[in-house]
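Working notes, structure below.
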């Protein structure tokens, strides 16, 4: 939201105070040049797209200068750009906004000269984040803040173990709550769950808490911390596969025992949990659909949701919402949360869920 705009704006010679960042919808044109799909993950945005965004900025700057030169009937070589303004001979100047339409009709340069790093005005400098104020004053809207006309809220009761299935369901008490619209079983990436749809979140949550579900966990591995630690200690004593060896592997054997420090570190299972709960909003209209998802994996999520709705991916308009933390948790191969949203929305045609 800040670093990529910085890279582009620097080569574009844009006025940073006028720069606004916008999250891209799902589209092939936005794919990561290394991954080959549209996604962010592994802290790879800058390393993958640095050259790409520099070239985009420089080409756009060249097109703006060409537009100004064409207007003034001068050579582009006699013009220069600075802070979103093109300057020409004889004191001529024009803001980028004035030139945008004409520039858009200019041919896109196949090659362009990039700045020498010594000319950078933004890259490597202290620059205010574009989202700082909104995050500090509470005006920043995240995926969970989305509120569409007529929208219903769904929550899902998941099994206590991955792969668990609903054996029996008693939803009588849950259905007594005013505002509950429906309760039904849905398939999960592994196993099955129970969806509760209501007018408001709190109603949906209270109804879910009242569900009496008996889960079928037969045939599933039931993790036990003490057993896992025992297994890990045994594995630690065996010879493993080393992909890359660093340092002197004989150093320990030459070190006197009195000078050795031996320590064991045990780390518990850590939940990969972003601050904003995982969420997705979907409106299914039969022959098309629209989705709003705080996603790191647009290409994959769009395809998975479309498949769940029985649509081609291009018939699902996919909006990337601002995420309250990602950390890879919003880039899952099975797209389980967005798909659950699609499955539920399919039952409520024309109603955003």
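Residue numbers (my numbering): 29 to 381. Here a beta-carbon is modelled for each residue, glycine too, at the ideal position from N, C-alpha and C.
Contact between the stretch 360 to 380 and the stretch 90 to 97 is defined here as three or more beta-carbon pairs at a separation below 8 Å; is this criterion met?
no
Could you tell me the distance, in whole angstroms, from the CA atom of residue 130 to the CA atom of residue 331?
Counting from 1 along the chain shown, the entry for residue 130 is found at position 102. Counting from 1 along the chain shown, the entry for residue 331 is found at position 303. Each residue's alpha carbon lies about 37 Å from the other.
C-alpha gap between residue 112 and residue 177, whole angstroms:
Locating residue 112 in the chain shown gives position 84, where the first residue counts as 1. Locating residue 177 in the chain shown gives position 149, where the first residue counts as 1. Approximately 39 Å, taken between the alpha carbons.
When you compare the stretch 311 to 320 with the stretch 344 to 353, are there three or more beta-carbon pairs, one atom per stretch, that lie closer than 8 Å?
yes
Helix, strand or coil for residue 382, going by three-state DSSP, please let me know.
Lying before the first or after the last residue shown, residue 382 is absent from the chain, which here runs from 29 to 381.
Which runs of the alpha helix (DSSP H) spanning at least 4 residues fall entirely within the stretch 223 to 268, listed in chain order?
229 to 238, 253 to 264
Pair every Cβ in the stretch 214 to 233 with every Cβ in the stretch 184 to 204, then say whether three or more of these pairs are closer than 8 Å.
yes
Give the single residue among 42, 125, 116, 171 whose Cα lies nearest to the Cα of residue 323.
Stepping through the chain shown from its first residue, residue 323 is reached at position 295. Checked all of 42, 125, 116, 171; the closest Cα to residue 323 is 171.
With distances taken between CB atoms, is the gap from residue 300 to residue 355 smaller than 8 Å?
To locate residue 300, count along the chain shown from 1; it is residue 272. To locate residue 355, count along the chain shown from 1; it is residue 327. Yes, they are a contact pair.
Which whole-angstrom value is the C-beta distance of residue 195 and residue 249, which I expect to be below 8 Å?
Residue 195 sits at position 167 when you count from the first residue of the chain shown. Residue 249 sits at position 221 when you count from the first residue of the chain shown. Contact annotation, residue 195 with residue 249: C-beta distance approximately 18 Å; criterion of less than 8 Å not satisfied.
Can you round the beta-carbon distance between residue 67 and residue 359 to whole angstroms, since I take them to be within the 8 Å contact cut?
Taking the first residue of the chain shown as 1, we reach residue 67 at position 39. Taking the first residue of the chain shown as 1, we reach residue 359 at position 331. Between residue 359 and residue 67 the Cβ distance is about 6 Å, and since that is below 8 Å, they are a contact.
Rounded straight-line distance, which links the Cα of residue 120 to that of residue 103
Start at 1 with the first residue of the chain shown, and residue 103 comes out as number 75. Start at 1 with the first residue of the chain shown, and residue 120 comes out as number 92. Approximately 13 Å between the Cα atoms of the pair.
Nearest-angstrom Cα separation, counted from residue 96 out to residue 128:
One-based indexing of the chain shown puts residue 128 at position 100. One-based indexing of the chain shown puts residue 96 at position 68. Approximately 10 Å, taken between the alpha carbons.
Identify whether residue 196 lies in helix, strand or coil by the three-state DSSP scheme.
Looking up residue 196 in the chain shown gives position 168. Looking at residue 196 - three-state DSSP - the assignment turns out to be strand.
Where are the alpha helix (DSSP H) runs, 4 residues long or more, that stay fully inside the stretch 288 to 374, in chain order?
326 to 337
Can you give the Cα-Cα distance for residue 165 and residue 157, rounded to whole angstroms?
For the purposes of this step, residue 165 is taken as residue 137 along the chain shown, with counting starting at 1. For the purposes of this step, residue 157 is taken as residue 129 along the chain shown, with counting starting at 1. Approximately 14 Å, taken between the alpha carbons.
Select from 327, 353, 326, 373 the residue whose C-alpha is nearest the C-alpha of residue 337.
Here residue 337 refers to the residue found at position 309 of the chain shown. Of the candidates 327, 353, 326, 373, the one whose C-alpha sits nearest the C-alpha of residue 337 is 373.
Can you check whether the CB of residue 197 is closer than 8 Å to the CB of residue 368?
Within the chain shown, numbered from 1, the residue matching residue 368 stands at position 340. Within the chain shown, numbered from 1, the residue matching residue 197 stands at position 169. Cβ atoms of residue 368 and residue 197: not closer than 8 Å.
Select from 110, 155, 162, 94 the residue whose C-alpha is nearest the C-alpha of residue 133.
Taking the chain shown and counting its residues from 1, the one referred to as residue 133 is at position 105. Among 110, 155, 162, 94, the Cα nearest to that of residue 133 is on 94.
Does DSSP put residue 143 in a helix, a strand or coil?
In the chain shown, counting from the first residue as 1, residue 143 sits at position 115. DSSP places residue 143 in coil when its eight states are reduced to three.
Around the Cβ of residue 311, are there at least 16 other Cβ atoms within 10 angstroms (buried) or fewer (exposed)?
Against the chain shown, residue 311 aligns to sequence position 283. Under this definition residue 311 is a buried residue.
If you follow the beta strand (DSSP E) that residue 83 is in, where does it begin and where does it stop?
The count along the chain shown starts at 1 and reaches residue 83 at position 55. That residue, residue 83, is in no beta strand (DSSP E); its alpha helix (DSSP H) goes 73 to 100.
Through-space distance from residue 60 to residue 73, alpha-carbon basis:
The count along the chain shown starts at 1 and reaches residue 73 at position 45. The count along the chain shown starts at 1 and reaches residue 60 at position 32. Residue 73 and residue 60: Cα-Cα distance of roughly 8 Å.
Work out the CA separation of residue 62 and residue 38 for me, nearest whole Å.
Sequence index remark: in the chain shown, residue 38 carries index 10 (1-based). Sequence index remark: in the chain shown, residue 62 carries index 34 (1-based). C-alpha separation (whole angstroms): 22 Å.
Report the three-state DSSP secondary structure of residue 108 (helix, strand or coil).
Here residue 108 is taken as the residue at index 80 of the chain shown, counted from 1. Three-state DSSP puts residue 108 in a strand.
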